[in-house]
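Line by line, the protein sequences are chains D and Z. What the first sequence shows, in the numbering used here, is residues 21 to 284, in sequence order. What the second sequence shows, in the numbering used here, is residues 595 to 896, in sequence order. All C-beta atoms in this analysis are idealised placements derived from N, C-alpha and C, irrespective of residue type, glycine included. In this text the structure is predicted, and so the values were computed from the model without any measurement. Data first, discussion second: the structure below is written as structure tokens.
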Amino acid sequence: MLANVFAKTIREQRRGLAWWALGLVGACLLTTAFYPSVRANAASFERLLDSLPEGLRRAFGADFASPAGYLQARLFSIFAPLLLLIYAVGAGSRAIAAEEEHETLDVLLSTPVSRRRVLLDKAGAMIAATIGLGVVLALAIAVTGPPFEVSISVANVVAAVTNCVLLALAFGSVALALGAATGRRSVAIGITAGVAAGSYLIDVLALSVDGLGWLQRLSPFFYYREPDALANGLDPWAAFVLAGIALIATAIAVVAFDRRDLAA
Amino acid sequence: MNPSTAALAVERLTKSYGRARGVTDLTFTVMRGEVFGYLGPNGAGKTTTIRTLLDFIRPTDGRASVLGLDSRRDAVEIHRRVGYLPGEFGLYERFTALEYLTFLGSLRGGLDERSVRDLADRFDLDLGIRIASLSHGNKQKVGLIQAFMHRPEVLILDEPTQGLDPLMQQEFYRIVGEARERGDAIFLSSHVLPEVERVCDRVGIIRDGRLAAVEDIDDLKGKALKRIEVRVATPVGVDVFEGVPGVREVVAFGDRLRITLAGSIDPLVKALARFEVIDLQSHEPTLEEAFLTFYGAADDAG
Numbered sequence: 021m022l023a024n025v026f027a028k029t030i031r032e033q034r035r036g037l038a039w040w041a042l043g044l045v046g047a048c049l050l051t052t053a054f055y056p057s058v059r060a061n062a063a064s065f066e067r068l069l070d071s072l073p074e075g076l077r078r079a080f081g082a083d084f085a086s087p088a089g090y091l092q093a094r095l096f097s098i099f100a101p102l103l104l105l106i107y108a109v110g111a112g113s114r115a116i117a118a119e120e121e122h123e124t125l126d127v128l129l130s131t132p133v134s135r136r137r138v139l140l141d142k143a144g145a146m147i148a149a150t151i152g153l154g155v156v157l158a159l160a161i162a163v164t165g166p167p168f169e170v171s172i173s174v175a176n177v178v179a180a181v182t183n184c185v186l187l188a189l190a191f192g193s194v195a196l197a198l199g200a201a202t203g204r205r206s207v208a209i210g211i212t213a214g215v216a217a218g219s220y221l222i223d224v225l226a227l228s229v230d231g232l233g234w235l236q237r238l239s240p241f242f243y244y245r246e247p248d249a250l251a252n253g254l255d256p257w258a259a260f261v262l263a264g265i266a267l268i269a270t271a272i273a274v275v276a277f278d279r280r281d282l283a284a
Numbered sequence: 595m596n597p598s599t600a601a602l603a604v605e606r607l608t609k610s611y612g613r614a615r616g617v618t619d620l621t622f623t624v625m626r627g628e629v630f631g632y633l634g635p636n637g638a639g640k641t642t643t644i645r646t647l648l649d650f651i652r653p654t655d656g657r658a659s660v661l662g663l664d665s666r667r668d669a670v671e672i673h674r675r676v677g678y679l680p681g682e683f684g685l686y687e688r689f690t691a692l693e694y695l696t697f698l699g700s701l702r703g704g705l706d707e708r709s710v711r712d713l714a715d716r717f718d719l720d721l722g723i724r725i726a727s728l729s730h731g732n733k734q735k736v737g738l739i740q741a742f743m744h745r746p747e748v749l750i751l752d753e754p755t756q757g758l759d760p761l762m763q764q765e766f767y768r769i770v771g772e773a774r775e776r777g778d779a780i781f782l783s784s785h786v787l788p789e790v791e792r793v794c795d796r797v798g799i800i801r802d803g804r805l806a807a808v809e810d811i812d813d814l815k816g817k818a819l820k821r822i823e824v825r826v827a828t829p830v831g832v833d834v835f836e837g838v839p840g841v842r843e844v845v846a847f848g849d850r851l852r853i854t855l856a857g858s859i860d861p862l863v864k865a866l867a868r869f870e871v872i873d874l875q876s877h878e879p880t881l882e883e884a885f886l887t888f889y890g891a892a893d894d895a896g
């Protein structure tokens, strides 16, 4: 359990991860359990939705009656990606910055392990843990769905969860890069949260304001939402864009961490 | 002193941080089998120098090498062969001491359990206790154990005895002595003069980021000014000591004289022989006095 920086990082987070997993399962259960009653009243929900502006309606998903539409609206429009994103941004911002702020980094780096290796182990731990939470999410939907008639093809659930994980890792890697470049967790969390909120807003805004289509394409949320993976399966291009953001941010993290002076 | 055979060689090392702090144009060498004390007040640049040796900070100019390896290019190989104790450090609070050491050990290719047990015994530390509940002194012991446990050839220790009780300090001095016997090089920073005096062969004195002197401990003490206190039966005028070799300053009050002396005491004793001396006390200079007389005086002059 303590063989390398990757294992140590996972071990430190095991308790936190257990709570996150429990929360995800709970959220799934609460969502699927209400499906039968929502479907029974689908007509009135849809009237309510019709009163919303077009952009918001599209952001939340308008089709409440079908299992995919319901799950998209209740879980995948904001709740599930937000949970995974918060986890990944937390892990990414902690990776280097927390060790530096707690003054544990000096001793860690005085071992024959390069800075690059430490950073990549930490990035690996963030990726593995986020994927792990994604697996829990997918399993929870697969298990809690059928009893409440929320039956969606496993392939599409996996596609939607994959999108969630990729979105979370894109922002998690940005937080990792900021933490590695500045050594300050609050800076990493603050800026990443701001960027995430901003890009979510841009995506939603662009849905209702004409002529903002180009702006939308700058927002990672666009590549998460637009494919509607729960209904259509994975869109390789959109997934590639999200994975690309994560890769580029991680590469920047490596370079920035390698080059700078570390805080005492 | 060929830098390639030296354990540690610093050449014209400079690190500037905008205005103050940093270090300027440091050059010194530490040989194998030598304990080198790096002495100076807090904020003088000791930690900056040390963290440059370990590649945590990159020099603005000049270079440093450890065991002939370049501090920048060969950092990982240097780390393999060096034991390092930071001046201030945190530990993974949720781990036990043993878990922490096991983790660091695996990063070094496997824990030397016997070495760790031996060090823990000598420092009287229970390795099974969660780090969060260790006292400051015990955390310092964990830091020292991780620095020594892989039997490094070079030890770089930043204020190693802070937080240790006197008994443990003695044990630490013994462990340093044994490492020197084995031919290891020990570079330790301190602002505690008696400590440096006790364990070091040579000292480098750093002030305001510049190396004020590198000297053998004995030479440094030899150069120090002695303080002599004399009680005489009848008051003696200070002019009596004019021209006596080595006498720098005489203060007389009543039947007492306080004399500041450099070098041999003999001429002074001869000069005093004419008077009835009731008492004479010579104070062996501590390194602190040596330090203050030399560098304090330099300050006044400059």
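Stretch pair the segment 627-646 of chain Z + the segment 788-800 of chain Z: three plus CB contacts closer than 8 Å
Flag = yes, the segment 627-646 of chain Z and the segment 788-800 of chain Z touch.
Interface residues of chain Z around K28 of chain D at Cβ under 7 Å?
F697
H730 of chain Z, enclosing beta strand (DSSP E) - first and last residue:
First-last for H730 of chain Z: H730 to F742, but that is the alpha helix (DSSP H), not the beta strand (DSSP E).
With 16 as the cutoff for other CB atoms within 10 Å, does S239 of chain D come out buried or exposed?
Classification for S239 of chain D: buried.
Report back the beta-carbon spacing between F835 of chain Z and A865 of chain Z to the nearest angstrom; my notes put them in contact at under 8 Å.
6 Å
Can you tell me which of Z:I644, Z:G837 and Z:R825 puts its alpha carbon nearest to the alpha carbon of I872 of chain Z?
Z:R825
Cα-Cα separation, Y243 of chain D to D720 of chain Z:
One C-alpha to the other measures close to 54 Å.
Should S598 of chain Z go down as buried or exposed, given a rule of 16 or more other Cβ atoms within 10 Å for buried?
Because S598 of chain Z carries a pLDDT of 45, less than 50, the predicted location of this residue cannot be relied on, and no value is offered for it.
Beta bridge counterpart(s) of G631 of chain Z as assigned by DSSP:
DSSP lists Z:L782 and Z:V797 as partners of G631 of chain Z.
Taking CB distances under 7 Å as the criterion, tell me whether P132 of chain D reaches chain Z.
yes
Anything in the segment 672-692 of chain Z with a Cβ closer than 9 Å to a Cβ of chain D? List those residues in chain order, please.
Within the segment 672-692 of chain Z, the residues whose Cβ lies closer than 9 Å to some Cβ of chain D are I672, H673, R674, R675, V676, G677, Y678, L679, P680, G681, E682, F683, G684, L685, Y686, E687, R688 and F689, listed in chain order.
Whose CA, out of Z:E747, Z:M743 and Z:F650, lies closest to the CA of D706 of chain Z?
Z:M743
Please determine, among Z:G857, Z:L728 and Z:F869, the residue with the shortest C-alpha to C-alpha distance to T828 of chain Z.
It is Z:F869 whose Cα lies nearest to the Cα of T828 of chain Z.
Start and end residues, alpha helix (DSSP H) containing S113 of chain D:
F99 to E121 is the extent of the alpha helix (DSSP H) around S113 of chain D.
Tell me, please, whether the segment 645-663 of chain Z touches the segment 608-622 of chain Z by the rule of three or more beta-carbon pairs shorter than 8 Å.
yes
Helix, strand or coil for Q92 of chain D, going by three-state DSSP, please let me know.
In this structure, Q92 of chain D counts as helix in the three-state DSSP scheme.
Would you kindly work out how many angstroms separate the C-alpha atoms of L153 of chain D and A188 of chain D, rounded to a whole number?
11 Å
Would you say V604 of chain Z faces chain D, with C-beta separation under 7 Å as the test?
So, not an interface residue.
In this structure, does DSSP put D664 of chain Z in helix, strand or coil?
strand
Residues near K609 of chain Z by beta carbon distance below 7 Å, same chain, minus five either side
If we look at K609 of chain Z and ignore the five residues flanking it on each side, its Cβ neighbours are G616, V617, T642, T646, I651, P653 and T654.
Is it right to say Y678 of chain Z is buried, meaning 16 or more other beta carbons lie within 10 angstroms of its own, or is it exposed?
buried
Drop a sphere of 10 angstroms on the beta-carbon of N596 of chain Z, count the other beta-carbons inside from all chains shown, and report buried for 16 or more, exposed for fewer.
Below a pLDDT of 50, predicted positions are generally treated as unreliable, and N596 of chain Z, at 47, falls in that range; no measurement from the model is reported.
Short Cβ contact (7 Å threshold) for G112 of chain D with L196 of chain D
yes
Comparing C-alpha positions only, which one of Z:L749, Z:A726 and Z:A669 sits nearest to G897 of chain Z?
This structure leaves residue 897 of chain Z out entirely; chain Z is present only between 595 and 896.
Environment of E119 of chain D [buried if 16+ CB atoms lie within 10 Å]:
buried
Between the Cα of V786 of chain Z and the Cα atoms of Z:D813, Z:G777 and Z:G757, which residue gives the shortest distance?
It is Z:G757 whose Cα lies nearest to the Cα of V786 of chain Z.
Under a three-way DSSP split, which group does S193 of chain D fall into?
In this structure, S193 of chain D counts as helix in the three-state DSSP scheme.
Strictly under 7 Å for the Cβ-Cβ distance: is D281 of chain D near chain Z by that measure?
yes
Of all the CB atoms in chain Z, is at least one closer than 7 Å to the CB of L22 of chain D?
yes
Beta-carbon proximity of V624 of chain Z to L607 of chain Z, cut-off 7 Å
no
Apart from the five residues on each side of it in sequence, which residues of its chain come closer than 7 Å, Cβ to Cβ, to E687 of chain Z?
I725 and A726
Interface residues of chain D facing V748 of chain Z [CB-CB closer than 8 Å]
Going along chain D, no residue has its Cβ under 8 Å from V748 of chain Z, so there is no contact; the nearest lies around 12 Å.
Between G840 of chain Z and D752 of chain Z, is the Cβ-Cβ spacing less than 7 Å?
no
Exposure of D893 of chain Z, with buried meaning 16 or more beta-carbon neighbours within 10 Å
Confidence at D893 of chain Z is low in this model, with a pLDDT of 46, below 50, so its placement is unreliable and the value that follows should be read with caution. So D893 of chain Z counts as exposed.
Taking Cβ positions only, does V127 of chain D come closer than 7 Å to chain Z?
Yes, V127 of chain D lies at the interface with chain Z (some Cβ there is under 7 Å from its Cβ).
Going by beta-carbon coordinates alone, are C184 of chain D and L104 of chain D separated by less than 7 Å?
Against a cut-off of 7 Å, the Cβ pair of L104 of chain D and C184 of chain D comes out as a contact.
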